[in-house]
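Engineer: Take a look at the following structure, please.
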Amino acid sequence: MQKKSFEELIRELEGIVNKLEGGETELDKALGMYKEGIGIIKELNDRISNARKQIETAGEDVSESGQ
Amino acid sequence: MNKAVTVSRLNAYIKMVLGNDEYLSNVLVTGEISNFKHHQSGHLYFTLKDAESALSCVMFQAKASLLDFRPEDGMEIVASGYVSVFERTGRYQLYVQAMIPGGEGALYRQFEELKKKLAAEGLFDEAVKKPIPMIPGKIGVVTSETGSVIKDILNVLDRRYPIYNLELYPAHVQGRGAEKEIAAGIRYFNRKGDTDVIIIARGGGSIEDLWPFNEEYLARAIYESRIPVVSAVGHETDYTIADFVSDRRAPTPSAAAELVVPELTALMDGINNSGIRLRNHMRALLERYSTRVRSLADRPVMKRPGEIFNMTEMVVERLSEKLEAEVSMLMERKEADLKSLAGKIELLSPVATLVRGYSVLKDNGGHVITSLKAVGTGDRISAVLSDGRIDCEVKGKETKDAKEIL
Numbered sequence: 001m002q003k004k005s006f007e008e009l010i011r012e013l014e015g016i017v018n019k020l021e022g023g024e025t026e027l028d029k030a031l032g033m034y035k036e037g038i039g040i041i042k043e044l045n046d047r048i049s050n051a052r053k054q055i056e057t058a059g060e061d062v063s064e065s066g067q
Numbered sequence: 068m069n070k071a072v073t074v075s076r077l078n079a080y081i082k083m084v085l086g087n088d089e090y091l092s093n094v095l096v097t098g099e100i101s102n103f104k105h106h107q108s109g110h111l112y113f114t115l116k117d118a119e120s121a122l123s124c125v126m127f128q129a130k131a132s133l134l135d136f137r138p139e140d141g142m143e144i145v146a147s148g149y150v151s152v153f154e155r156t157g158r159y160q161l162y163v164q165a166m167i168p169g170g171e172g173a174l175y176r177q178f179e180e181l182k183k184k185l186a187a188e189g190l191f192d193e194a195v196k197k198p199i200p201m202i203p204g205k206i207g208v209v210t211s212e213t214g215s216v217i218k219d220i221l222n223v224l225d226r227r228y229p230i231y232n233l234e235l236y237p238a239h240v241q242g243r244g245a246e247k248e249i250a251a252g253i254r255y256f257n258r259k260g261d262t263d264v265i266i267i268a269r270g271g272g273s274i275e276d277l278w279p280f281n282e283e284y285l286a287r288a289i290y291e292s293r294i295p296v297v298s299a300v301g302h303e304t305d306y307t308i309a310d311f312v313s314d315r316r317a318p319t320p321s322a323a324a325e326l327v328v329p330e331l332t333a334l335m336d337g338i339n340n341s342g343i344r345l346r347n348h349m350r351a352l353l354e355r356y357s358t359r360v361r362s363l364a365d366r367p368v369m370k371r372p373g374e375i376f377n378m379t380e381m382v383v384e385r386l387s388e389k390l391e392a393e394v395s396m397l398m399e400r401k402e403a404d405l406k407s408l409a410g411k412i413e414l415l416s417p418v419a420t421l422v423r424g425y426s427v428l429k430d431n432g433g434h435v436i437t438s439l440k441a442v443g444t445g446d447r448i449s450a451v452l453s454d455g456r457i458d459c460e461v462k463g464k465e466t467k468d469a470k471e472i473l
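And the structure:
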């Protein structure tokens, strides 16, 4: 399965939060959505910190020879 | 003293000396025709002269047949060709390759006519000009192996872009057939295919020197090149047909070198700058995404998910209260029912009957007497009442319906 893009995941998360705020009261559904939301937040944060690391390591060469 | 040589050896030597002279190998001469002879073989023999001097000329049939006018005595012409020695007579002469009628102005007319023709065919159109690559992998240079042109080019490249890759195709850039050699160089690089840009160059010179660059043959080769061609011919003020048809004209060979490579230091600065901008951009992008995720994660539903269920909880609570109430009401009702049933049951018990005035008769064995037949006169029996027992003796009996006695 193709990995979902960052943008797709953010849109999914927005959808979940909006639905929960809109008053999804069916317990099983709400709980499932909440867990999914937490999972997506974790995934997104992982990806951001991973990307941040990559930028900093990839950028080392530039800033060293950039003088 | 030098040793004497034979006439033929001297003539051969003179021929060799003249043949080695670059200027004499392709010279344009203007003058008036005299002594014109059209030989049976098709060769033309004549003398070119001006006010003070004369020059023997020969034009062989192969070239003469290409003439589009009839030369005759007294005609002013411009001839191009090379100077050599006819050894048998020891006479030097001009071996004419081509000629056109008219004085020196005719040469410019010829130039203008070719220019017009090629322009009409679209060879100079901006639309067909190929872009010069900003950073060439390999540079092909067609010029003389000796001389300052290649040195000038290498100097500029060394200073400006020391990581260049250059291949020189050595070619004569003046004299007979030079345009063919230069064209061959262009075709060579096109065939090889590993070259990104071609420079054709020569230094300054007379109009005769530059003439190969005005030849239609070279113009066609430049036009057909798939690789962009930069021309750098003569000085800044010299314009040749090659300059018009090439993809870019450089005023000098050095300028051509400057044109085909970037300044390495500037290039490096640019790359580094782009790297820094790229990184900054990526950082900003990540910051934006990170903010977006954080704002979603901080929304109350995600932060205190318990609240989502408060409503559900309340509903459950109310339902359970209601359930409890219902149950206890139900219990009370059942209790009441039970009580009333118990009362009814009590009414049905024998003791209650006794209270109402009835009594039960029992014989000695304690058996209930339900019929006259069970007792005889003189039997001792007992009557049970609600609050005790009466001992009795049967004095007599009479069969009769109870309804009548009561």
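Each protein sequence line maps, in turn, to chains Y and A. Per the working numbering, residue 1 is the first one in the first sequence, and the count goes up by one each step. Per the working numbering, residue 68 is the first one in the second sequence, and the count goes up by one each step. Just so you know, even glycine gets a beta-carbon here, dropped at the ideal spot from N, CA and C.
(1) Between Glu64 (chain Y) and the rest of its own chain, which residues show a CB-CB distance below 7 Å, the 5 nearest in sequence each way excluded?
(2) Listed in chain order, which residues of the stretch 359-377 of chain A have Cβ atoms closer than 9 Å to some Cβ of chain Y?
(3) Under the three-state reduction of DSSP, which class applies to Phe136 (chain A): helix, strand or coil?
(4) Please classify Ile294 (chain A): is it buried, with 16 or more other beta-carbons within 10 angstroms of its beta-carbon, or exposed?
(5) Using beta-carbon positions only, say whether Gly109 (chain A) and Ala79 (chain A) come within less than 8 Å of one another.
(6) Just checking my contact of Gly207 (chain A) with Ile265 (chain A) at CB under 8 Å: how many whole Å lie between their CB atoms?
(7) Per the DSSP calculation, Leu91 (chain A) is bridged to which residue(s)?
(8) Would you mind reading off the limits of the alpha helix (DSSP H) that contains Arg243 (chain A)?
(9) Please state whether DSSP places Met381 (chain A) in a helix, a strand or coil.
(10) Nearest by alpha-carbon distance to Val145 (chain A): which of A:Leu161, A:Gly157, A:Glu154 is it?
(11) Once you ignore the five residues that flank Asn102 (chain A) on each side, which residues in its own chain have a CB closer than 8 Å to its CB?
(12) Please classify Gln67 (chain Y) as buried or exposed, where buried requires at least 16 other C-beta atoms within 10 Å of its C-beta.
(13) Buried or exposed: which applies to Phe256 (chain A), given that a residue is buried once 16 or more other Cβ atoms fall within 10 Å of its Cβ?
(14) Nearest by alpha-carbon distance to Pro318 (chain A): which of A:Pro329, A:Lys182, A:Ser298, A:Asn69 is it?
(15) In this structure, does DSSP put Asp458 (chain A) in helix, strand or coil?
(16) Mind listing the chain Y neighbours of Met349 (chain A)? Cutoff is C-beta to C-beta under 7 Å, in chain order.
(17) Using alpha carbons as the reference points, say which of A:Ile230, A:Lys470, A:Glu119 lies closest to Glu330 (chain A).
(18) From the DSSP output, in three-state form, read off Phe113 (chain A) for me.
(19) Does the beta-carbon of Val382 (chain A) have 16 or more other beta-carbons within 10 angstroms, so that it is buried, or is it exposed?
(20) Looking at the secondary structure, which residues open and close the beta strand (DSSP E) in which Pro237 (chain A) lies?
(21) Along chain A, in chain order, which residues have C-beta atoms closer than 9 Å to that of Gly39 (chain Y)?
(22) So, is the C-beta of Glu36 (chain Y) closer than 8 Å to a C-beta in chain A?
(23) Could you check the C-alpha separation between Val17 (chain Y) and Thr358 (chain A) for me, to the nearest Å?
(24) Which partner residues of Asn299 (chain A) appear in the DSSP bridge assignment?
(25) Any idea which residues DSSP pairs Glu99 (chain A) with across the strands?
(26) Just to confirm the assignment: which complete beta strand (DSSP E) runs, minimum length 3, are found wholly within the stretch 300-386 of chain A?
(27) For the pair the stretch 147-155 of chain A and the stretch 89-101 of chain A, tell me if three or more CB-CB distances fall below 8 Å.
(28) Given Pro320 (chain A), which residues of its chain have a CB within under 6 Å of its CB, disregarding the five upstream and five downstream residues?
(29) Grab me the residues of Leu224 (chain A)'s own chain with a C-beta within less than 8 Å of its C-beta, minus the 5 sequence neighbours each way, in chain order.
(30) Taking all protein chains shown into account, decide if Pro138 (chain A) is buried (16 or more other Cβ within 10 angstroms of its Cβ) or exposed.
(31) By Cβ distance below 6 Å, which residues in the same chain neighbour Glu280 (chain A) in space, the five residues on each side in sequence not counted?
(32) From what residue to what residue does the beta strand (DSSP E) around Leu161 (chain A) run?
(33) DSSP state of Tyr149 (chain A), grouped into three classes?
(34) Is Thr515 (chain A) close to chain Y? Criterion is C-beta to C-beta, closer than 8 Å.
(35) If you measure between the beta carbons of Leu95 (chain A) and Trp278 (chain A), is that distance less than 8 Å?
(36) Is the stretch 28-45 of chain Y in contact with the stretch 337-348 of chain A, if contact means three or more CB pairs nearer than 8 Å?
Structural biologist: Quick answer:
(1) Because the pLDDT of Glu64 (chain Y) is 49, which lies under 50, any placement of that residue in the model is unreliable, and the question is left without a value.
(2) Arg359, Val360, Arg361, Leu363, Ala364, Arg366, Pro367, Val368, Met369, Pro372, Ile375, Phe376
(3) coil
(4) buried
(5) no
(6) 4 Å
(7) Looking at the DSSP assignment, Leu91 (chain A) forms no beta bridge with any residue, so it has no partner.
(8) No alpha helix (DSSP H) contains Arg243 (chain A), which DSSP labels as neither H nor E.
(9) helix
(10) A:Leu161
(11) Tyr112, Phe113, Thr114, Asp140
(12) In this prediction, Gln67 (chain Y) scores a pLDDT of 40, lower than 50, which makes its location untrustworthy; the coordinate-derived value is nonetheless stated afterwards. Flag for Gln67 (chain Y) reads exposed.
(13) buried
(14) A:Ser298
(15) strand
(16) Ile55
(17) A:Ile230
(18) strand
(19) exposed
(20) 233-237
(21) The premise fails here: Gly39 (chain Y) is roughly 12 Å from chain A at the closest Cβ pair, so nothing lies under 9 Å.
(22) no
(23) 16 Å
(24) Checking the displayed sequence, the identity of residue 299 (chain A) turns out to be Ala instead of Asn. BP columns for Ala299 (chain A) point to A:Ala268.
(25) A:Lys116, A:Glu143
(26) none
(27) yes
(28) Val216, Asp219, Ile220, Ala268, Ala299
(29) Ile206, Tyr231, Leu233, Ala324, Val328
(30) buried
(31) Just to set this straight, residue 280 (chain A) is Phe in the shown sequence, not Glu. Once the five neighbours on either side are set aside, the close Cβ partners of Phe280 (chain A) are Val300, Thr307, Ala309.
(32) 158-168
(33) strand
(34) Summary: the structure shown does not reach residue 515 (chain A), with chain A confined to residues 68 through 473, and so no result is reported for it.
(35) yes
(36) no
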